[in-house]
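Report on the following structure.
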Amino acid sequence: MPPLLNNPNPAIRYSAKRATGFVGIRTREDVTFVSVIVQTLYCTGAFRRAIYETRPNSAIAEQSVFLALQRLFYRLQNSQEAVDLSEFISALQWPHVDFAAGHNLLSFKIYLEGLLEGRVPFLTYGEMRQSIRYTNFTTATCSEYSSLRLNVKGLPSLQESFRDYIATHIVDGCQRTVSFLSFPSVLWLQLNRFESSTNATAKINDRFQYPPQIDLREYCSQRTPSTSNVWTYVLTGVIVHSGDPTRGRYYCFFKPDGRTRWLRFDGERVRVADEREVFDDNFGGASAPWPHIGGRRSTANASACVLVYMRESMLDRILRPVESVHVPRHVVYHIEQPIEENERARFLAGERNATVLSDHQITVRVVTADVFAAHDGFDLADIGRDPGVLSLTVFKADALETVRVQIAQQLKIPETQMRLRHIGIRPNGTMRAGTEIASEHDRDSIGNLWTGLKCPTAELWLLLEIVTDPLAAWPPPNCMLVFLKYFDRTTPEPRLRGAGRMYLSPITLLDMLPAAINERMQWHPSTQLRMYREVCPGVIIALDPHTKLGTTLHAQGFAHGEIVCFERELDLEGGDKNSEVSVVEHYRSLQRKREISCGVQEGLEGVPLGSEENPASPP
Numbered sequence: 068m069p070p071l072l073n074n075p076n077p078a079i080r081y082s083a084k085r086a087t088g089f090v091g092i093r094t095r096e097d098v099t100f101v102s103v104i105v106q107t108l109y110c111t112g113a114f115r116r117a118i119y120e121t122r123p124n125s126a127i128a129e130q131s132v133f134l135a136l137q138r139l140f141y142r143l144q145n146s147q148e149a150v151d152l153s154e155f156i157s158a159l160q161w162p163h164v165d166f167a168a169g170h171n172l173l174s175f176k177i178y179l180e181g182l183l184e185g186r187v188p189f190l191t192y193g194e195m196r197q198s199i200r201y202t203n204f205t206t207a208t209c210s211e212y213s214s215l216r217l218n219v220k221g222l223p224s225l226q227e228s229f230r231d232y233i234a235t236h237i238v239d240g241c242q243r244t245v246s247f248l249s250f251p252s253v254l255w256l257q258l259n260r261f262e263s264s265t266n267a268t269a270k271i272n273d274r275f276q277y278p279p280q281i282d283l284r285e286y287c288s289q290r291t292p293s294t295s296n297v298w299t300y301v302l303t304g305v306i307v308h309s310g311d312p313t314r315g316r317y318y319c320f321f322k323p324d325g326r327t328r329w330l331r332f333d334g335e336r337v338r339v340a341d342e343r344e345v346f347d348d349n350f351g352g353a354s355a356p357w358p359h360i361g362g363r364r365s366t367a368n369a370s371a372c373v374l375v376y377m378r379e380s381m382l383d384r385i386l387r388p389v390e391s392v393h394v395p396r397h398v399v400y401h402i403e404q405p406i407e408e409n410e411r412a413r414f415l416a417g418e419r420n421a422t423v424l425s426d427h428q429i430t431v432r433v434v435t436a437d438v439f440a441a442h443d444g445f446d447l448a449d450i451g452r453d454p455g456v457l458s459l460t461v462f463k464a465d466a467l468e469t470v471r472v473q474i475a476q477q478l479k480i481p482e483t484q485m486r487l488r489h490i491g492i493r494p495n496g497t498m499r500a501g502t503e504i505a506s507e508h509d510r511d512s513i514g515n516l517w518t519g520l521k522c523p524t525a526e527l528w529l530l531l532e533i534v535t536d537p538l539a540a541w542p543p544p545n546c547m548l549v550f551l552k553y554f555d556r557t558t559p560e561p562r563l564r565g566a567g568r569m570y571l572s573p574i575t576l577l578d579m580l581p582a583a584i585n586e587r588m589q590w591h592p593s594t595q596l597r598m599y600r601e602v603c604p605g606v607i608i609a610l611d612p613h614t615k616l617g618t619t620l621h622a623q624g625f626a627h628g629e630i631v632c633f634e635r636e637l638d639l640e641g642g643d644k645n646s647e648v649s650v651v652e653h654y655r656s657l658q659r660k661r662e663i664s665c666g667v668q669e670g671l672e673g674v675p676l677g678s679e680e681n682p683a684s685p686p
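Here the working numbering is used: the first residue of the sequence shown is 68, the next is one more, and so on.
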């Protein structure tokens with residue numbers, strides 16, 4: 068086991084996401100069988116892609132389960148830490164969990180596959196024929212299958228278990244024979260490790276070997292394909308049961324690309340595994356001699372109970388990686404929207420408004436560049452709490468030009484240098500600058516302007532831009548406004564600082580963004596940056612231009628008012644405590660403080676803080 072997993076030094080924290088690209092699942096011991104099935108299906112790229120792309124039919128009784136699985140996959144893909152399984156378990160609506168049900172993993176896997184209604188046929192079925200010979204006649208039935216149950220007791224290997232499966236058996240005086248007509252591209256094999264009797268369930272820990280690759284040609288009665296790779300199957304997943312039949316737990320191994328390294332998924336922990344762990348340690352039977360007990364052998368406590376083999380010729384198609392850009396916008400929107408819904412509702416409903424305004428009045432709040440520059444938090448400012456935000460109480464009948472005069476007088480700036488933008492709330496609860504309020508609206512009343520902008524509260528939020536150059540009074544047409552935040556590690560405590568804004572064309576390439584930021588900050592053009600996109604408080608996404616060469620901001624889902632956070636690589640080389648704090652960890656710290664101040668008790672369990680690009684939620 069890598070030493071960092073049990074490292075007592077909290078300053079050196081093992082990150083499964085950084086080490087493996089995956090995160091674990093946090094759950095109770097009695098439902099670990101659910102987590103291993105979910106992890107295995109999640110690692111199967113084609114299945115995950117199908118879950119993202121499928122819109123559930125409202126008539127389906129399992130719609131809530133499907134949506135919960137969709138959210139769970141999204142969080143597994145975007146979170147930096149282990150994801151909680153409780154929401155998904157709740158969606159299953161199990162009155163209680165019988166641990167013995169966990170021994171029937173394939174039934175649960177088939178149930179989850181059924182949510183897709185056959186939309187991924189090449190992942191689903193093979194065909195077999197069962198013949199039963201009676202004294203005077205023979206019956207034959209064909210059926211589809213995606214998984215098999217194979218005997219372990221008295222059989223030394225997987226090959227022998229397959230031969231036993233297709234051998235003729237006497238059942239109730241009749242001869243029963245099974246023959247395979249075809250195999251599915253993904254073949255799940257449940258090994259019968261548990262034997263039930265009247266009094267109890269016993270675990271069969273017989274040694275049972277399984278190969279990393281198997282040729283299934285000899286077990287198929289129809290061998291029409293001539294190419295060998297059709298019959299060659301590669302082991303990509305192993306689910307292990309550890310402990311006795313009534314308790315114990317499950318964990319799994321999976322090879323995400325089907326060819327290189329194995330990963331071990333054990334609850335919240337994910338790490339790289341070696342071949343010995345996957346094979347020898349889980350064959351069952353007598354373990355290796357233990358020196359500390361006099362060289363005696365003991366019966367293995369852990370043994371493989373499910374094997375996942377995939378057709379070698381289809382590995383690339385089945386395990387093709389699923390990037391964040393492949394997640395449909397409706398999925399992102401559906402998941403991000405409720406993240407802050409309750410908190411935002413409380414915030415907007417009462418805590419900001421200490422006094423009740425009359426029906427004829429409205430509060431105008433103005434965010435300035437200085438407020439943004441000093442803001443160490445989400446959005447452009449903490450509009451309801453930041454004392455630097457200018458607050459005016461005006462009548463709804465007042466003209467906009469009257470309010471402009473009041474703003475100019477309060478801030479002591481010329482009206483001619485003022486540009487106002489509306490700050491709106493996106494569906495995911497974030498506050499972003501949007502519509503420019505041009506001078507031709509100066510004679511409009513504040514009430515009409517408030518109504519036309521569909522403000523969700525009894526307030527009008529404005530962003531003030533000060534323009535000293537008359538030629539720059541309005542940006543070029545069709546440009547996006549992008550706000551910048553600098554993660555400053557040079558201060559005693561790392562913090563975010565507003566670093567101004569830029570107007571960028573939607574066709575600006577992502578790999579051109581570092582040069583634009585360096586120019587804005589007056590840094591050397593070769594300064595190396597790390598960039599992040601602040602989607603919403605629960606989703607902070609790393610932007611790596613090197614992996615997305617030629618990709619435009621529009622293609623990445625950028626919209627008007629986006630916020631990009633950045634830091635310098637050289638600030639990470641100091642070796643002090645400040646260099647150990649990541650941008651994502653700082654955002655998490657901010658959200659914890661925000662939740663405490665708002666009285667939120669849920670914490671950050673399962674919040675998808677991502678590490679790859681992600682489409683923006685609908686503005």
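Heads up, the beta-carbon is just placed ideally off N, CA and C, and yes, glycines get one too.
6 angstroms Cβ shell around residue i - same chain, five flanking residues per side excluded
i	result
T94	S102, L152
K176	I104
T244	S198, T235
Beta carbon of residue i nearer than 8 angstroms to that of residue j
i	j	result
I533	I480	yes
V337	Y141	no
P612	L637	no
F321	Q106	yes
V688	R326	Residue 688 lies beyond the range of the chain shown here (68 to 686); nothing can be said about it.
I474	L457	yes
L254	S288	no
A113	R384	yes
R85	V389	no
T535	L520	no
T205	S213	no
V305	N349	yes
P312	A269	yes
I281	L225	yes
V375	T303	yes
L707	L529	In the structure as shown, the chain starts at 68 and stops at 686, and residue 707 therefore has no counterpart that could be examined.
L531	V433	yes
Helix, strand or coil at residue i [DSSP, three-state]
i	result
I609	Note that residue 609 is Ala in the sequence shown, not Ile. Looking at A609 - three-state DSSP - the assignment turns out to be strand.
S288	coil
C110	helix
Y81	coil
A117	helix
K176	helix
S102	helix
L222	coil
V389	coil
L256	strand
Q197	strand
S210	strand
E262	strand
V648	coil
F133	helix
G565	strand
I380	Here residue 380 is Ser; the residue named in the question, Ile, does not match the sequence. Of the three classes helix, strand and coil, the one that applies to S380 here is helix, per DSSP.
I92	strand
Close-in-space but distant-in-sequence residues of the same chain around residue i (CB under 8 angstroms, 5 per side omitted)
i	result
S517	The question names Ser, but residue 517 is Trp in the sequence shown. Closer than 8 angstroms at Cβ, skipping near neighbours: I429, K463, L527.
C241	I199, R200, Y201
L173	S214, R216, W255, Q257, V373
Contacts around residue i, its chain only, beta-carbon distance under 7 angstroms, and the 5 residues preceding and following it disregarded
i	result
E120	P395
A135	E154, F155, A158
L657	G444, F445
G88	none
C319	V103, Q106, T107, G304, V305, I306, V307, F332
Neighbour flag for residue i against chain B, beta carbons, 8 angstroms
i	result
L637	Annotation note: the requested chain B is absent from the structure, which comprises a single protein chain.
**contact_flag[the segment 542-556, the segment 624-641] where n(CB pairs < 8 angstroms) is 3 or more** = yes
**Request:** Inspect the CB distances between the segment 208-225 and the segment 257-264 and report whether three or more fall short of 8 angstroms.
**Result:** yes
**Request:** At 3 residues or longer, and completely inside the segment 270-336: list those beta strand (DSSP E) runs for me, N to C.
**Result:** 280-282, 299-309, 316-321, 329-333
**Message:** In chain order, what are the residue ranges of uninterrupted beta strand (DSSP E) at least 3 long that sit wholly in the segment 461-540?
**Reply:** 485-492, 498-504, 526-533
**Prompt:** What beta strand (DSSP E) runs, 3 residues minimum, are completely inside the segment 577-636?
**Reply:** 596-603, 606-610, 629-635
**Request:** Report yes or no: do the segment 614-629 and the segment 565-577 share at least 3 C-beta pairs separated by less than 8 angstroms?
**Result:** yes
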